[in-house]
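Colleague:
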Amino acid sequence: MKVRTSATDNKAESIIKYMTVRAVGCGSHMTASSENQEERGRCLSGAGGLTKQASTMTAIKHALQRDIFTPNDERLLGIVNVCKAGKKKKNCFLCATVTTERPVQVKVVKVKKSDKGDFYKRQQTWELRDLTEVDAKDASKENPEFDLHFDKVYRWLASSTAEKNSFISCIWKLNQRYLRKKVEFVNVSSQLLEESVPSGESQSVAGGDEDALDEYQELSTREEQDIESMMEMCEYAISNAEAFAEQLSKELQVLDGANIQSIMASEKQVNILMQLLDEALAEVDTIEGKLSSYEEMLQSVKEQMDQISQSNRLIQISNTNNGKLLDEIQFLVNYMDLSKGHIRALQEGDLTSPKGIEACINASEALLQCMNVALRPGHEKLMAVKQQQLLFAELRDTFARRLTNHLNNVFVHQFNHFSHFKMTIPQFYRSSCLSLPGHDQSSTLSQHTADLTLPKHNPLHRDLLRYAKLMEWLKNTHREKYEGLSRTYVDYMSRLYEREIKDFFEVAKIKMAGTTKEAKGKFATLPRKESALKQETESLHGSSGKLTGSTSSLNKLTVQGSNSRRSQSSSLLDMGNMSASDLDVADRTKFDKIFEQVLSELEPLCLAEQDFISKFFKLQQHPTVAPPLAQPEPEESDGGTPSRTPPQAEHRQSLSSEKDTVRLMMNKIFQSIETELNSLISLGDKIDSFNSLYMLVKMSHHVWTAENVDPASFLSTTLGNVLVTVKRNFDKCISGQIRQMEMEKISKKSKVGILSFVIGFEEFAELAETIFRSAERRGDLDKAYVKLIRAVFMNVEKVASESQKTPRDVVMMENFHHIFSTLSRLKISCLDAERREAKHKYTDHLQSYVINSLGQPLEKLNHFFEGVEARVAQGVREEEVSYQLAFNKQELRKVIKEYPGKEVKKGLDNLYKKVDKHLCEEESLLQVVWHSMQDEFIRQYKHFEDLIGRCYPGSGITMEFTIQDMLEYFSSIAQSH
Numbered sequence: 001m002k003v004r005t006s007a008t009d010n011k012a013e014s015i016i017k018y019m020t021v022r023a024v025g026c027g028s029h030m031t032a033s034s035e036n037q038e039e040r041g042r043c044l045s046g047a048g049g050l051t052k053q054a055s056t057m058t059a060i061k062h063a064l065q066r067d068i069f070t071p072n073d074e075r076l077l078g079i080v081n082v083c084k085a086g087k088k089k090k091n092c093f094l095c096a097t098v099t100t101e102r103p104v105q106v107k108v109v110k111v112k113k114s115d116k117g118d119f120y121k122r123q124q125t126w127e128l129r130d131l132t133e134v135d136a137k138d139a140s141k142e143n144p145e146f147d148l149h150f151d152k153v154y155r156w157l158a159s160s161t162a163e164k165n166s167f168i169s170c171i172w173k174l175n176q177r178y179l180r181k182k183v184e185f186v187n188v189s190s191q192l193l194e195e196s197v198p199s200g201e202s203q204s205v206a207g208g209d210e211d212a213l214d215e216y217q218e219l220s221t222r223e224e225q226d227i228e229s230m231m232e233m234c235e236y237a238i239s240n241a242e243a244f245a246e247q248l249s250k251e252l253q254v255l256d257g258a259n260i261q262s263i264m265a266s267e268k269q270v271n272i273l274m275q276l277l278d279e280a281l282a283e284v285d286t287i288e289g290k291l292s293s294y295e296e297m298l299q300s301v302k303e304q305m306d307q308i309s310q311s312n313r314l315i316q317i318s319n320t321n322n323g324k325l326l327d328e329i330q331f332l333v334n335y336m337d338l339s340k341g342h343i344r345a346l347q348e349g350d351l352t353s354p355k356g357i358e359a360c361i362n363a364s365e366a367l368l369q370c371m372n373v374a375l376r377p378g379h380e381k382l383m384a385v386k387q388q389q390l391l392f393a394e395l396r397d398t399f400a401r402r403l404t405n406h407l408n409n410v411f412v413h414q415f416n417h418f419s420h421f422k423m424t425i426p427q428f429y430r431s432s433c434l435s436l437p438g439h440d441q442s443s444t445l446s447q448h449t450a451d452l453t454l455p456k457h458n459p460l461h462r463d464l465l466r467y468a469k470l471m472e473w474l475k476n477t478h479r480e481k482y483e484g485l486s487r488t489y490v491d492y493m494s495r496l497y498e499r500e501i502k503d504f505f506e507v508a509k510i511k512m513a514g515t516t517k518e519a520k521g522k523f524a525t526l527p528r529k530e531s532a533l534k535q536e537t538e539s540l541h542g543s544s545g546k547l548t549g550s551t552s553s554l555n556k557l558t559v560q561g562s563n564s565r566r567s568q569s570s571s572l573l574d575m576g577n578m579s580a581s582d583l584d585v586a587d588r589t590k591f592d593k594i595f596e597q598v599l600s601e602l603e604p605l606c607l608a609e610q611d612f613i614s615k616f617f618k619l620q621q622h623p624t625v626a627p628p629l630a631q632p633e634p635e636e637s638d639g640g641t642p643s644r645t646p647p648q649a650e651h652r653q654s655l656s657s658e659k660d661t662v663r664l665m666m667n668k669i670f671q672s673i674e675t676e677l678n679s680l681i682s683l684g685d686k687i688d689s690f691n692s693l694y695m696l697v698k699m700s701h702h703v704w705t706a707e708n709v710d711p712a713s714f715l716s717t718t719l720g721n722v723l724v725t726v727k728r729n730f731d732k733c734i735s736g737q738i739r740q741m742e743m744e745k746i747s748k749k750s751k752v753g754i755l756s757f758v759i760g761f762e763e764f765a766e767l768a769e770t771i772f773r774s775a776e777r778r779g780d781l782d783k784a785y786v787k788l789i790r791a792v793f794m795n796v797e798k799v800a801s802e803s804q805k806t807p808r809d810v811v812m813m814e815n816f817h818h819i820f821s822t823l824s825r826l827k828i829s830c831l832d833a834e835r836r837e838a839k840h841k842y843t844d845h846l847q848s849y850v851i852n853s854l855g856q857p858l859e860k861l862n863h864f865f866e867g868v869e870a871r872v873a874q875g876v877r878e879e880e881v882s883y884q885l886a887f888n889k890q891e892l893r894k895v896i897k898e899y900p901g902k903e904v905k906k907g908l909d910n911l912y913k914k915v916d917k918h919l920c921e922e923e924s925l926l927q928v929v930w931h932s933m934q935d936e937f938i939r940q941y942k943h944f945e946d947l948i949g950r951c952y953p954g955s956g957i958t959m960e961f962t963i964q965d966m967l968e969y970f971s972s973i974a975q976s977h
């Protein structure tokens with residue numbers, strides 16, 4: 001009844017406050033007519049503004065609760081009107097709130113009235129647990145200032161000291177209830193704090209009596225509607241709120257009395273309920289007794305079950321241990337037991353038959369698997385495991401020794417087999433001439449030499465590859481023996497390949513140089529200087545070849561080039577008084593075929609050997625391998641083979657990859673290839689310097705092919721080094737041609753014509769374009785073209801300046817016309833600029849030669865009109881020129897009469913003969929020059945007539961011949977010759 005009465009009082013108080021707000025809000029619209037209302041107004045005004053201020057704060061509190069906190073499930077417990085201390089006053093409200101849902105959260109909210117409308121908005125929120133200190137500034141005096149210490153200190157100025165004290169009291173209560181006195185209060189009056197907790201009620205506050213904090217209980221919507229309807233039923237509900245509240249209190253007392261009477265009337269039922277409760281308690285005691293007896297019985301059963309469980313656990317542990325022991329024994333038996341068949345194969349297996357090799361491979365793999373098994377902790381301490389490991393080590397050493405000895409014997413046997421029938425180069429040729437059918441090895445070897453082919457080692461590789469898996473086993477188990485076998489193989493194969501390659505290159509050199517006495521005498525009968533010149537002559541003439549080595553097309557192109565230049569005088573192709581037809585075209589064709597055959601034989605040989613080394617020695621399956629050739633090579637004990645300096649790569653301590661190891665082994669095996677290739681290239685360059693073009697194309701093609709397969713392979717590296725030598729020889733060939741251009745001398749008694757080095761460049765370009773037609777790379781040739789054409793341009797101008805018999809313009813015109821025709825026909829893209837330059841030079845010198853030559857047949861007429869133009873240029877008016885003494889009409893007629901048609905034709909005929917003497921027959925530019933002279937003569941004629949018309953108007957003076965006459969003169973002269 002106490003709780004209900006308290007709740008009812010609070011509700012009543014809320015209703016009274018609500019009515020008060022309504023009364024204040026509607027006061028301006030009411031009419032105070034009665035004397036009681038006037039008397040109540042006087043009393044209220046006498047009480048001052050405190051009541052009005054309290055009513056306003058109550059209304060604001062109600063509005064904030066309704067608009068801001070109720071939607072967020074919060075209750076407003078305390079409010080104070082504040083502004084920031086020390087600044088321009090901007091009022092706002094600090095509100096203390098708690099959430100309606102648990103766990104309860106206590107907050108301090110800053111609310112500000114909006115500038116745009118008559119409503120409030122939440123501006124900032126702090127958790128009360130973040131509040132560390134409340135400073136009231138002064139506990140003895142009234143001071144509206146106070147500080148709240150959150151993350152920083154906030155200084156506030158309350159509208160009144162009463163509001164400040166009320167807010168601090170609310171904060172203190174919330175601190176006592178929810179924060180267990182965490183917040184520190186400074187400069188707060190102890191009396192204020194004591195008033196907040198009256199005597200006898202501190203326990204309830206600390207214990208959580210939430211109703212003590214509920215100073216204001218919000219009305220629900222329905223309650224508001226009921227109050228409004230009740231106020232409408234009462235006429236004076238608004239005009240006399242106190243009377244209305246007194247009436248409500250009376251009605252409430254009547255209801256409370258009715259409630260009390262109802263409770264007292266139900267006393268009999270309460271007694272019956274209490275009796276039933278006593279009977280229930282007795283029944284509960286009976287049940288508890290039975291449960292106790294049952295518990296004692298279950299206790300004995302529990303002890304027995306615990307004993308049984310302990311026994312079962314021990315049995316389970318024993319079974320688990322037995323299972324684990326069985327697993328360990330099974331593991332050792334399965335992975336560390338080698339069958340008797342494998343043991344027999346490792347100790348006595350046949351390493352020559354395919355079945356025996358297969359059995360040894362299976363046994364070695366099983367042994368390796370047993371040796372590499374990952375033992376579990378403690379296995380290595382077992383005596384049986386130690387014995388098995390000793391057995392495995394003994395079997396490994398025994399089989400490794402047997403395998404090494406057998407492979408050493410195989411290497412020696414194969415080496416002796418291939419070396420048994422070796423002979424020198426003269427013996428090869430004698431064998432090839434005298435051999436009869438039925439001589440297997442010697443006839444085959446002779447046939448290899450006669451056909452310029454290298455012996456194939458495919459049978460050897462095929463036999464040894466049967467042991468590839470055994471070599472991999474040896475590599476994983478006995479690295480020392482593996483490296484020893486690698487060195488042995490490299491040593492034997494290097495000696496074998498050295499003999500074969502040396503013989504192969506000797507045959508190639510003899511085939512290149514020729515074996516007949518006639519061919520040898522052709523070079524021997526010449527002096528040293530003439531022999532060198534003859535070699536260059538042969539290199540420049542009559543040889544062209546495609547990458548396919550077509551002999552027919554090569555000979556055809558050579559013969560055509562030879563016939564087209566047979567009438568040329570001393571040139572690069574005509575040294576030593578030899579015509580092009582005297583040169584042996586087949587020599588260059590043979591060299592091209594031989595060089596291609598050499599490269600075609602070496603490439604598959606090296607690739608096959610490298611592929612075999614990778615497969616046999618298993619050098620592509622592990623990231624790093626110590627190179628077997630890094631150790632010093634033992635010296636020869638028999639003294640039969642002279643010691644050789646190992647390559648520089650053999651002295652390296654270690655290599656980072658197996659590709660380096662393969663390349664190192666290949667360098668050792670084929671250490672003579674690069675030297676022999678350089679020697680062959682040197683011989684080809686001595687025979688014919690233009691052989692470097694063939695070698696450059698062939699070598700570039702093979703290097704490009706090798707780099708596409710493996711840029712770091714032995715073949716790619718070796719051919720790349722040799723390609724550098726070929727490029728160097730090619731550059732020397734180009735430099736030699738440029739030097740010969742600079743040494744060119746012309747005859748002082750005969751006309752110059754087309755210079756020999758111009759013809760030489762044409763034939764070089766034709767030959768080079770044919771050779772490089774299908775080449776992958778033209779960079780070196782394009783650079784050579786540019787060097788040669790610039791040298792040709794420079795030396796043509798040099799020779800033209802030194803020419804005494806032939807005019808400079810004629811030498812320049814003819815030679816640059818020939819150069820332009822050559823470049824236009826061959827369509828060399830890198831020389832487009834030079835082609836245009838050659839055409840420009842040809843055109844300029846043709847025009848210069850025509851102009852200079854035409855001044856002779858009409859010399860006086862030219863001089864006369866040049867004087868006329870000079871007077872006009874000096875400022876004399878054109879119509880006044882005829883009044884000049886030296887240029888009057890009589891003088892003009894006199895000069896014109898000196899050039900009648902017959903004289904002009906005679907002069908042109910002499911001019912034609914002179915031009916014919918200047919020009920050479922090979923270039924056929926006579927008609928071109930003559931036609932240009934005709935055009936220039938007609939242009940001058942028209943110019944003279946124009947001057948006569950402008951400077952001698954109305955004189956009626958004309959030339960003795962017409963344009964039609966000139967055309968007939970030029971045509972008849974050209975036809976007569």
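So for the sequence shown, UniProt numbering puts the first residue at 1; every next one is plus one.
No residue lacks a Cβ here, since even glycine has one placed at the ideal position from N, Cα and C.
(1) Who are residue 1041's beta bridge partners in DSSP?
(2) Go ahead and pull the three-state DSSP assignment for residue 86.
(3) Please confirm if the segment 606-619 is in contact with the segment 659-666, defined as three or more CB-CB distances below 8 Å between the two stretches.
(4) Using alpha carbons as the reference points, say which of 72, 129, 90 lies closest to residue 177.
(5) Report the three-state DSSP secondary structure of residue 964 (helix, strand or coil).
(6) Residues in its own chain within less than 7 Å of residue 780 by CB, not counting five upstream and five downstream?
(7) Check whether the Cβ atoms of residue 111 and residue 102 sit closer than 8 Å, and answer yes or no.
(8) Taking just the CA atoms, how far does residue 951 sit from residue 963?
(9) Are there 16 or more other CB atoms within 10 angstroms of the CB of residue 687, so buried, or fewer, so exposed?
(10) Would you call residue 416 buried or exposed, if buried means 16 or more other Cβ atoms sit within 10 Å of its Cβ?
(11) Give a yes or no on whether the C-beta atoms belonging to residue 100 and residue 74 are separated by under 8 Å.
(12) Pairs of beta-carbons, one from the segment 792-800 and one from the segment 741-760, closer than 8 Å: are there three or more?
(13) Would you kindly work out how many angstroms separate the C-alpha atoms of residue 343 and residue 363, rounded to a whole number?
(14) Within the chosen definition, does the segment 909-919 reach the segment 927-936 through at least 3 CB pairs nearer than 8 Å?
(15) Measuring only from the beta carbon, is residue 136 closer than 7 Å to any heavy atom that is part of the ligand MG?
(16) Between residue 158 and residue 152, how many whole angstroms is the CB-CB distance? I'm expecting something under 8 Å.
(17) Compute the distance between the beta-carbons of residue 725 and residue 678, then report whether it is under 8 Å.
(18) Using DSSP bridges, identify the partner residues of residue 125.
(19) Can you list, in chain order, the residues of its chain whose CB lies under 8 Å from that of residue 161, leaving out five sequence neighbours each side?
(20) For residue 464, report the span of its alpha helix (DSSP H) as first-last.
(21) Per DSSP, what kind of secondary structure is residue 710 in: helix, strand or coil?
(22) At a Cβ threshold of 8 Å, is residue 224 touching chain C?
(23) Going straight from the alpha carbon of residue 625 to that of residue 330, what length do you get?
(24) Measuring alpha carbon to alpha carbon, tell me which of 588, 287, 734 ends up nearest residue 764.
(25) Are the beta-carbon atoms of residue 592 and residue 497 separated by less than 8 Å?
(26) Does the segment 57-71 touch the segment 90-100, meaning 3 or more C-beta pairs lie closer than 8 Å?
(27) CB residue 84 to CB residue 172, shorter than 8 Å?
(28) Here's the rule: buried if 16 or more other CB atoms are within 10 angstroms of the residue's CB, otherwise exposed. What is residue 459?
(29) From the DSSP secondary-structure annotation, give me the bridge partner or partners of residue 135.
(30) So for residue 81, helix, strand or coil by DSSP?
(31) Report the CB separation of residue 925 from residue 899 in whole angstroms; it is logged as a contact under 8 Å.
(32) Are residue 612 and residue 670 touching if we call contact CB-CB under 8 Å?
Modeller: Once the coordinates are examined:
(1) This structure does not reach residue 1041, given that the chain is present from 1 up to 977, and the question cannot be answered.
(2) coil
(3) yes
(4) 129
(5) helix
(6) 696, 727, 730
(7) no
(8) 21 Å
(9) buried
(10) exposed
(11) yes
(12) yes
(13) 7 Å
(14) yes
(15) Summarising the ligand content, the structure contains no ligands, and the ligand MG is consequently not present.
(16) So it is not a contact: roughly 20 Å between Cβ atoms.
(17) yes
(18) 109
(19) 142, 143, 144
(20) 458-464
(21) coil
(22) Although the question refers to chain C, the structure presented lacks it and comprises just one protein chain.
(23) Here the model assigns residue 625 a pLDDT of 37, short of 50, so the residue's position is not dependable and the matter cannot be decided.
(24) 734
(25) no
(26) yes
(27) no
(28) exposed
(29) 147, 186
(30) strand
(31) Contact flag wrong, Cβ pair sits at about 28 Å.
(32) no
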